[in-house]
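Trainee:
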Amino acid sequence: GAGVSQTPSNKVTEKGKYVELRCDPISGHTALYWYRQSLGQGPEFLIYFQGTGAADDSGLPNDRFFAVRPEGSVSTLKIQRTERGDSAMYLCASSLQGRLNDEQFFGPGTRLTVL
Amino acid sequence: AQSVSQHNHHVILSEAASLELGCNYSYGGTVNLFWYVQYPGQHLQLLLKYFSGDPLVKGIKGFEAEFIKSKFSFNLRKPSVQWSDTAEYFCAVNAHSGGYQKVTFGTGTKLQVIP
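Line by line, the protein sequences are chains A and B.
For the first sequence, the working numbering assigns the number 1 to the initial residue and increments by one for each residue that follows.
For the second sequence, the working numbering assigns the number 1001 to the initial residue and increments by one for each residue that follows.
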């Protein structure tokens, strides 16, 4: 079956621009996570969705970052007024119900480069 | 706040050598522990996890990890590595009490196995 997909795979933008990164989770998975991975670091938690609602957005670095999941499946991570420090790999993961013991399945990521 | 330390950033081994990758976490309460692996060109995937019970956990591809609570450690081991084990390995901990996974990842260890 299809795994988690993310589009685009690469995004190059200029400082100050707005970008949207998309995540398609595994069908039927209610839990969805966004992570950011900088070079030489492990993934860093950004936000967790349970269904349509953001259950925990404590990892979003500032108010330029926002994420939605309006129908409880596809999610979009939105970054306003991008800065060079936003350059990183953005990973999405989904799990069946978000329970402690549910495995998270990761997508291939979107590599964002802000010039 | 929870944190994870992986002391080996880059490990080079010959095939058939034994592997042990160190992982230490800082949190005094109940934890769930994970090892993830990312093979070249592939997605991050779960290798094994510890939630409770037997502190010696067996995962896929012959890997195992031992949870030693007194040492706050969860080291990954494999008795005999293969060239196909070349990958980056991430230790992760969930020390969150909210009933869902909110993992903190270590910085990763790149393993290179020489044929």
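Built from N, CA and C at the ideal position, the CB exists for glycine as well.
(1) Name the chain A residues that come within less than 8 angstroms of B/Tyr1100, Cβ to Cβ?
(2) Just tell me which of A/Ser5, A/Asn10 and A/Gly16 has its CA closest to the CA of A/Gln80.
(3) Which residues mark the beginning and the end of the beta strand (DSSP E) in which B/Gln1038 is found?
(4) Using the Cα positions of A/Gly98 and A/Glu14, report the straight-line distance between them to the nearest angstrom.
(5) Since A/Phe45 meets chain B, which of its residues come closer than 8 angstroms, beta carbon to beta carbon?
(6) With DSSP run on the structure shown, which of helix, strand or coil describes A/Ile26?
(7) Residues of the stretch 64 to 93 of chain A with a CB closer than 9 angstroms to any CB of chain B: list them in chain order, please.
(8) Taking 7 angstroms as the threshold (beta carbon to beta carbon), is A/Gly16 in contact with chain B?
(9) Less than 6 angstroms between the CB of B/Asn1032 and some heavy atom of the ligand HEM, yes or no?
(10) Mind checking who A/Gly53 pairs with in its DSSP beta bridge?
(11) Which residues in chain B sit within 8 angstroms of A/Gly107, going by Cβ to Cβ distance?
(12) In whole angstroms, give me the CA-to-CA distance for B/Val1031 and A/Arg22.
(13) Quick one: any contact between the stretch 65 to 83 of chain A and the stretch 1010 to 1029 of chain B, if contact means 3 or more CB pairs under 8 angstroms?
(14) Residues in its own chain within less than 6 angstroms of A/Phe65 by CB, not counting five upstream and five downstream?
(15) Name the DSSP bridge partner or partners of B/Phe1090?
(16) If the cut is a Cβ gap below 9 angstroms, which residues of chain B does A/Ala42 touch?
Mentor: Working from what's here:
(1) Within chain A, Ala31, Tyr48, Gln50, Ala55, Asp56, Gly98, Arg99 and Leu100 have C-beta atoms less than 8 angstroms from the C-beta of B/Tyr1100, given in sequence order.
(2) Answer by Cα proximity: A/Gly16.
(3) Boundaries of the beta strand (DSSP E) harbouring B/Gln1038: Asn1032 to Gln1038, taken from the DSSP string.
(4) Spanning the two alpha carbons is a distance of roughly 35 angstroms.
(5) Chain B residues near A/Phe45: Lys1102, Val1103 and Thr1104.
(6) Coil, per DSSP.
(7) From the stretch 64 to 93 of chain A, only Leu91 and Ala93 have a Cβ closer than 9 angstroms to chain B.
(8) Judged by the 7 angstroms Cβ criterion, A/Gly16 is not in contact with chain B.
(9) Absent from the structure shown: the ligand HEM. Ligands present: none.
(10) According to DSSP, A/Gly53 bridges with A/Gln50.
(11) Going along chain B in sequence order, the residues near A/Gly107 (Cβ under 8 angstroms) are His1043.
(12) The alpha-carbon atoms of B/Val1031 and A/Arg22 are separated by roughly 31 angstroms.
(13) Contact between the stretch 65 to 83 of chain A and the stretch 1010 to 1029 of chain B is absent, because fewer than three Cβ pairs lie under 8 angstroms.
(14) Around A/Phe65: Ile79.
(15) Within the DSSP bridge table, the entry for B/Phe1090 names B/Tyr1036 as partners.
(16) The displayed chain sequence assigns Gly, not Ala, to residue 42 of chain A. Neighbours of A/Gly42 on chain B, chain order: Val1004, Gln1006, Tyr1036, Phe1090, Cys1091, Ala1092, Thr1104, Phe1105, Gly1106, Thr1107 and Gly1108.
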